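Novice: In our numbering, the protein residues as written are 2 to 319. Heads up, the beta-carbon is just placed ideally off N, CA and C, and yes, glycines get one too. The structure presented is a predicted model; accordingly, all values stated were derived computationally and were not measured.
1. Assuming residue 55 and residue 45 are in contact, meaning their beta carbons sit under 8 Å apart, how far apart are those beta carbons, in whole angstroms?
2. If you draw a straight line from the alpha carbon of residue 145 to that of residue 271, how long is it in whole angstroms?
3. For the pair the region 115-129 and the region 150-168, tell me if three or more CB-CB distances fall below 8 Å.
4. Just to confirm before moving on: does the CB-CB distance between residue 6 and residue 158 stay below 8 Å?
5. What distance in whole Å lies between the Cβ atoms of residue 76 and residue 40, which are believed to be in contact at a cut-off of 8 Å?
6. Between the alpha carbons of residue 263 and residue 231, how many angstroms are there, rounded?
7. Going by Cα to Cα distance, which pick from 277, 254, 283 and 248 is closest to residue 266?
8. Quick one: what does DSSP say residue 150 is sitting in, helix, strand or coil?
9. Is the beta carbon of residue 183 sitting closer than 8 Å to the one on residue 98?
10. Which of helix, strand or coil does DSSP assign to residue 134?
11. Is it the case that the Cβ atoms of residue 124 and residue 103 are separated by a distance below 8 Å?
12. Using the DSSP secondary-structure output, state which residues sit across from residue 182 in a beta bridge.
13. Hey, would you say residue 4 sits closer than 8 Å to residue 114, going by beta carbons?
14. Output the boundary residues of the beta strand (DSSP E) element that contains residue 240.
15. So the beta strand (DSSP E) residue 4 belongs to, where does it begin and stop?
16. Could you work out which residue in 87, 72 and 135 is closest to residue 106 when comparing CA atoms only?
17. Using the rule of at least 16 other Cβ atoms within 10 Å of the residue's Cβ for burial, across every protein chain shown, is residue 254 buried or exposed?
18. Could you pull the DSSP bridge partners for residue 157 from this structure?
19. Can you name the residues that DSSP bridges to residue 118?
20. Going by beta-carbon coordinates alone, are residue 243 and residue 273 separated by less than 8 Å?
21. Please look up how many angstroms separate the CB atoms of residue 109 and residue 135, rounded, as I've assumed it's under 8 Å.
22. From 47, 278 and 57, pick the residue whose C-alpha is nearest to that of residue 252; which is it?
23. Within 10 angstroms of its Cβ, does residue 207 collect 16 or more other Cβ (buried), or is it exposed?
24. Take residue 62 as the anchor and find which of 37, 85 and 223 has the nearest alpha-carbon.
25. Where DSSP assigns a beta bridge to residue 103, which residues make up the other side?
26. Given residue 9, which residues of its chain have a CB within under 6 Å of its CB, disregarding the five upstream and five downstream residues?
27. Near residue 25, what residues of its chain come up, given a Cβ to Cβ distance below 8 Å and the 5 sequence neighbours on each side ignored?
Structure representation (C-alpha cells):
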C-alpha cells in the first residue's frame, strides 16, 4: 500500500488553516475566536500548551458555524482544485492517508478522491474537543498500527521530515516538494526554513521578553553608572542568564541546565553582544537618544544570527 500525509503532500497548503479562514470570511462572528487562538498559540510556542490543547482552542471557531457539514462541502467545492496533480498518477485503491488534520474535515475530500482509508485526528466538529492526541509525529505510527498491526508500507509520501518515524517503516519514501518527488534520504531542507520553524518563533518571543528584561536591567545599572555602554554590559549579562533558562526550557526543550552549556550559550551570543555594543555607542554617542530607546533598539539587532549560533553551537543535536 501507499501511505500519504495530506497537508502539503496531497493538498497544496494546510487544509485546517484554509478552512479556518474560509469560515472567518463566511461568519464574521467567528472572529471572536481569534484573540484566544493567538494567546493559545503563544503559550504553545512557549511549551506551556500541548499541540492538542492549542488546536482545541483554535477549533472554538466551530461554535459560530451553524452547519459544519454544509460548510465543509462548500469548502471542498472551492478548494478541491488544490489537490496536487501527481496524486492521480500514484493513486491506488489501497491508499492510506494519515494526517494531523481533523477527520471530519478530510473525510469528504477522501471520499471524492476514492481514498478508502483515512487516519486523522479525532475531533468533535461541534465542540472542537479531541478524542485522544493530535495525530502527528510518533502518534501517526501508533495510530497506523492500531488500524492494522501487520500493515506494511510500500511507498510513503510527505512534505515534512517530522514524518520520519513513518518514513522509516516504508520500503521507499519521498518528500513532496511542491510538485516534485524527492527520495527521502536525498532531501536537504532549505536553510531559510530554519527561520520558519516553531523553534525560531519561540526564540523571537523569548527575544521580546529578553529585550525588555535587558532594557530594564541596563536602566537599573544606568542609575549608578554614568556611561550607557558600561551600564549596558551588566544589563546584557543579567538578561542573558534569564534568556538561557527560557530558551533551554521553551525554545529547545532542553532541561539539562549546566555551567558548561550556559558558557556555550554565552559564547553563541557574543556576535550579538558586539553588534549591540556598537549600536549603543552610535545611538548614544552620536545621536544622543534616550537610554531606554538606545537599549531597546540595540536589543532587536542580530536576532537571526544569534538564533543560528545558539541552535548550532549551544543546543546542537546529534
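Specialist: Let's see:
1. Between residue 45 and residue 55 the Cβ distance is about 4 Å, and since that is below 8 Å, they are a contact.
2. Across the structure, residue 145 and residue 271 are spaced so that their CA atoms are roughly 46 Å apart.
3. With fewer than three CB-CB distances shorter than 8 Å, the region 115-129 does not count as touching the region 150-168.
4. For residue 6 and residue 158, yes; Cβs fall inside 8 Å.
5. Wrong, their Cβ atoms sit about 26 Å apart, outside the cutoff.
6. Pairing residue 263 with residue 231, the inter-Cα distance amounts to about 23 Å.
7. Ranked by how close their Cα comes to the Cα of residue 266, the residues 277, 254, 283 and 248 have 248 in first place.
8. If DSSP states are grouped into helix, strand and coil, residue 150 belongs with coil.
9. Against a cut-off of 8 Å, the Cβ pair of residue 98 and residue 183 comes out as no contact.
10. The answer is coil: DSSP assigns residue 134 none of H, G, I, E or B.
11. Going by C-beta atoms, residue 124 is nearer than 8 Å to residue 103.
12. Looking at the DSSP output, residue 182 bridges to 177.
13. No; because the gap between Cβ atoms is not below 8 Å, this pair is not in contact.
14. First-last for residue 240: 229-247, but that is the alpha helix (DSSP H), not the beta strand (DSSP E).
15. Unbroken beta strand (DSSP E) run through residue 4: 3-5.
16. For residue 106, the closest alpha carbon among the candidates 87, 72 and 135 is that of 72.
17. Flag for residue 254 reads exposed.
18. Answer is 4 and 174.
19. 97, per the DSSP bridge assignment.
20. No, Cβ-Cβ distance for residue 243 and residue 273 is not below 8 Å.
21. No, residue 109 and residue 135 are not in contact; Cβ-Cβ is about 20 Å, not under 8 Å.
22. Taking only the C-alpha atoms, the option nearest residue 252 is 47.
23. Around the beta carbon of residue 207, 16 or more other beta carbons sit within 10 angstroms, so the residue counts as buried.
24. Out of 37, 85 and 223, 37 has the C-alpha closest to the C-alpha of residue 62.
25. Looking at the DSSP assignment, residue 103 forms a beta bridge with 122.
26. These residues qualify, in order along the chain: 160.
27. Setting aside the 5 residues that flank it on each side, residue 25 is surrounded in the same chain by 31, 32, 35 and 62, each with a C-beta closer than 8 Å to its C-beta; the list follows chain order.
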